[in-house]
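*Asks:* The numbering of the sequence shown is the working numbering, which starts it at 1324 and goes up by one. Heads up, the beta-carbon is just placed ideally off N, CA and C, and yes, glycines get one too. This structure is a prediction, so every number in the text was calculated from the model and none was measured. Could you have a look at this structure, given as structure tokens, before my questions?
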Amino acid sequence: MNSREGIQRKPRVLIDTSFLLPAIGISTDREVMDAIKHFPKFEICYLEASLLELSWKILKIIDDNKMEYIKSGLKAIRETYTLVSPSPNAYLQAYLLYKKGHKDFIDNILYSTSIDLNIFLLTIDLELINFLKKNSYPLAHILTPDALD
1324 MNSREGIQRK PRVLIDTSFL LPAIGISTDR EVMDAIKHFP KFEICYLEAS
1374 LLELSWKILK IIDDNKMEYI KSGLKAIRET YTLVSPSPNA YLQAYLLYKK
1424 GHKDFIDNIL YSTSIDLNIF LLTIDLELIN FLKKNSYPLA HILTPDALD
């Protein structure tokens, strides 16, 4: 018997930056914290672009004396979650979303990558979801925290 037979792979979920905040000690919405409790059921994926966005938040609100804690949090993200990379097609689709009116390019890359890789995108971004609905984009890959319960 093949050792991989009978082993069921966890569903892959790409997370938006909101779900990375607690790893570096930044408090966030209750719904994000509640959703994180469900992470063991999934293979959690992230984009390098989300770490860049996280860094922008760090620059705005974290004191220099907490940088070792930030470093530990970033290391934990890299060791615990799976890094995925957008394909050239995902970048093109993100660009098209931007041109169509959704100006958060990181969210556009997250959404396009989730479609391209055929994985879920966990987000609390109602602006993104509403934009996608309004413009008739597929929503089957979108998860919100309440869908995890």
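Rounding to the nearest angstrom, what Cα-Cα distance links Pro1363 and Leu1343 in this structure?
*Replies:* Along the sequence shown, one-based indexing puts residue 1363 at 40. Along the sequence shown, one-based indexing puts residue 1343 at 20. Cα to Cα, Pro1363 sits roughly 15 Å from Leu1343.
*Asks:* Run the CB neighbour count on Leu1377, radius 10 Å, all protein chains shown included, and call it buried at 16 or more, exposed below.
*Replies:* To locate residue 1377, count along the sequence shown from 1; it is residue 54. Leu1377 should be labelled buried.
*Asks:* Could you tell me whether any non-hydrogen atom of the ligand ADP is closer than 7 Å to the CB of Leu1370?
*Replies:* For the structure depicted, the ligand ADP is absent and the ligand set is empty, with no information on it obtainable.
*Asks:* Going by beta carbon distance, what residues of the same chain come within less than 6 Å of Leu1397, once the five residues before and after it are set aside?
*Replies:* As a working note, residue 1397 is residue 74 in the sequence shown. Closer than 6 Å at Cβ, skipping near neighbours: no residue.
*Asks:* For Thr1446, count the other beta carbons within 10 Å of its own beta carbon; 16 or more makes it buried, fewer makes it exposed. Which is it?
*Replies:* Along the sequence shown, read from residue 1 onward, the residue named residue 1446 stands at position 123. Buried, because 16 or more other Cβ atoms sit within 10 Å of the Cβ of Thr1446.
*Asks:* Under DSSP, the alpha helix (DSSP H) around Val1355 begins and ends at which residues?
*Replies:* Counting from 1 along the sequence shown, the entry for residue 1355 is found at position 32. Looking at the DSSP string, the run of the alpha helix (DSSP H) that includes Val1355 is Arg1353 to Ile1359.
*Asks:* Could you say which of Ile1432, Lys1422 and Asp1448 lies nearest to Leu1466 if we only look at CA atoms?
*Replies:* Translated into positions along the sequence shown, residue 1466 becomes position 143. Taking only the C-alpha atoms, the option nearest Leu1466 is Asp1448.
*Asks:* Between the region 1381-1395 and the region 1437-1444, can you find at least three pairs of beta-carbon atoms closer than 8 Å?
*Replies:* No, the region 1437-1444 is not in contact with the region 1381-1395.
*Asks:* Please report the distance separating the alpha-carbon of Pro1409 from that of Lys1389.
*Replies:* As a working mapping, residue 1409 is identified with position 86 in the sequence shown. As a working mapping, residue 1389 is identified with position 66 in the sequence shown. If you take the alpha carbons of Pro1409 and Lys1389, they lie about 31 Å apart.
*Asks:* Could you check whether Ile1359 and Pro1345 sit closer than 8 Å to each other, using their CB atoms as the reference points?
*Replies:* On the sequence shown, residue 1345 is found 22 positions in, with the first residue counted as 1. On the sequence shown, residue 1359 is found 36 positions in, with the first residue counted as 1. A contact, by the Cβ cut-off of 8 Å.
*Asks:* Locate the alpha helix (DSSP H) running through Ile1400, then write down its first and last residues.
*Replies:* Walking along the sequence shown from the start, residue 1400 turns up at place 77. Taken as a continuous stretch (DSSP letters only), the alpha helix (DSSP H) holding Ile1400 covers Met1390 to Thr1403.
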